[in-house]
Amino acid sequence: MELSEAIRTTRAMRRLDPDRPVSDEDLWSILEAASRAPSGGNRQVARWLVVRDPERRAKIGRLYGEAWGSVRQVYADQGDGAPSPILASADHLAAHMGEAPAILIPCSRGGDPASIYPGCQNAFLKARELGLGTALTTVHRLKEAEVKAVLDIPEDVQTWAMIPVGYPLGRWGEAMRRPVEETTYWDAYGERRSRS
Ligand SMILES: Cc1cc2nc3c(=O)[nH]c(=O)nc-3n(C[C@H](O)[C@H](O)[C@H](O)COP(=O)(O)O)c2cc1C
């Protein structure tokens, strides 16, 4: 797959096929891509926990669902009252997180999350190339102590995301984003240029 197409079409895929297995080989490729990302001082603080065990997946999936349930209304109130596709898809993931064929948890002992998220994006792009959907989620952090207990994660290790991986049930659409001309300033904040 061409890199530009992967960048354009990599997005939060929250509806994943629970019955179509994801190979360990593909997970290794995804994690290899993650390991290529930069980190502060090249300290490479990220440790990736791959959760395959169905019982542990179900437990952390339940915790994710509870965490989402506790913040859902905040997001619902931000809308205009019309049915929101993002909310519906987030609800779906909250109900099914534990059924994703694999769940990735990037962790670190201390360190800055700025050294973790570049690896996540590399992982998402590699997964896209392989036809696998992913979604960056963080609300589990509201229940982080319980998630860590399920996964035997030491107290001084942080978990930065919960990333389901699986084959998408829906289509790969182009991610909707603001035009770059609107979000880019030149030389001074607020100074825009048209792109001729
Ligand atoms: C820092 C961060 C945290 C996020 N946390 C969650 C989350 O907890 N649950 C969720 O469903 N999506 C989460 N998302 C996904 C965003 O909602 C998603 O990237 C955004 O709506 C754009 O979606 P799209 O790429 O499909 O267009 C998170 C994204 C980021 C960057």
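Residue numbering for the sequence shown follows the working numbering, beginning at 1134 and increasing consecutively.
Just so it is clear, CB atoms sit at the ideal spot from N, CA and C, and this is done for glycine as well.
Bear in mind that the values here come from a model prediction, so they are computed numbers and not experimental data.
Beta-carbon separation of glycine 1266 and methionine 1146 under 8 angstroms?
Along the sequence shown, read from residue 1 onward, the residue named residue 1266 stands at position 133. Along the sequence shown, read from residue 1 onward, the residue named residue 1146 stands at position 13. Contact: yes.
How long is the line joining the alpha carbons of leucine 1182 and aspartate 1213, rounded to whole angstroms?
In the sequence shown, counting from the first residue as 1, residue 1182 sits at position 49. In the sequence shown, counting from the first residue as 1, residue 1213 sits at position 80. Cα to Cα, the separation comes out at about 38 angstroms.
Taking all protein chains shown into account, decide if valine 1280 is buried (16 or more other Cβ within 10 angstroms of its Cβ) or exposed.
Here the question's residue 1280 lines up with position 147 in the sequence shown. When all chains shown are included, valine 1280 counts as buried.
When the Cα atoms are used, what is the spatial distance from serine 1329 to tryptophan 1319?
Along the sequence shown, one-based indexing puts residue 1329 at 196. Along the sequence shown, one-based indexing puts residue 1319 at 186. Computed Cα separation, rounded: 15 angstroms.
Could you give the DSSP three-state label for alanine 1167: helix, strand or coil?
Your numbering for residue 1167 matches position 34 in the sequence shown. In the structure shown, alanine 1167 sits in a helix (DSSP, three-state: H, G or I).
Can you check DSSP and say which residues form a bridge with valine 1183?
Start at 1 with the first residue of the sequence shown, and residue 1183 comes out as number 50. BP columns for valine 1183 point to Leu1237.
For the segment 1256-1266 against the segment 1215-1231, do three or more pairs of beta-carbon atoms, one drawn from each stretch, fall closer than 8 angstroms, so that the two count as touching?
No, the segment 1256-1266 is not in contact with the segment 1215-1231.
How far does the alpha helix (DSSP H) with proline 1297 in it extend, from its first residue to its last?
On the sequence shown, position 164 is the one that residue 1297 refers to. Unbroken run through proline 1297 is the beta strand (DSSP E), 1296-1299; no alpha helix (DSSP H).
Using only alpha-carbon positions, find the residue among Pro1171, Gly1303 and Ala1294 that is nearest to proline 1239.
Numbered from its first residue, the sequence shown carries residue 1239 at position 106. Per the Cα distances, Ala1294.
Between leucine 1226 and ligand 1, is the CB less than 7 angstroms from at least one heavy atom?
The sequence position of residue 1226 within the sequence shown is 93, counting from 1. Leucine 1226: yes, Cβ under 7 angstroms from ligand 1.
Decide if threonine 1317 is buried, meaning its Cβ has at least 16 other Cβ atoms within 10 Å, or exposed.
Position 184 of the sequence shown, counted from the start, is the residue given in the question as residue 1317. Burial call: exposed.
Leucine 1265 bridges to which residues according to DSSP?
Counting from 1 along the sequence shown, the entry for residue 1265 is found at position 132. Paired residue(s): none; leucine 1265 is not in a bridge.
In angstroms with no decimal places, state the Cα-to-Cα distance between arginine 1148 and arginine 1180.
Here the question's residue 1148 lines up with position 15 in the sequence shown. Here the question's residue 1180 lines up with position 47 in the sequence shown. When rounded, the distance between both Cα atoms is 26 angstroms.
Would you list the residues sitting across from alanine 1145 in a DSSP beta bridge?
Start at 1 with the first residue of the sequence shown, and residue 1145 comes out as number 12. Thr1267, per the DSSP bridge assignment.
Tell me whether glutamine 1211 sits in a helix, a strand or coil according to DSSP, three-state version.
Start at 1 with the first residue of the sequence shown, and residue 1211 comes out as number 78. It is helical.
Report the partner residues of threonine 1317 according to the DSSP bridge assignment.
Translated into positions along the sequence shown, residue 1317 becomes position 184. In the DSSP output, where bridge partners are listed per residue, threonine 1317 has none listed.
Please report the distance separating the alpha-carbon of glutamine 1206 from that of alanine 1200.
As a first step, residue 1206 is located in the sequence shown; it is residue number 73 there, counting from the start. As a first step, residue 1200 is located in the sequence shown; it is residue number 67 there, counting from the start. Rounded to whole angstroms, glutamine 1206 to alanine 1200 spans 12 angstroms at the Cα level.
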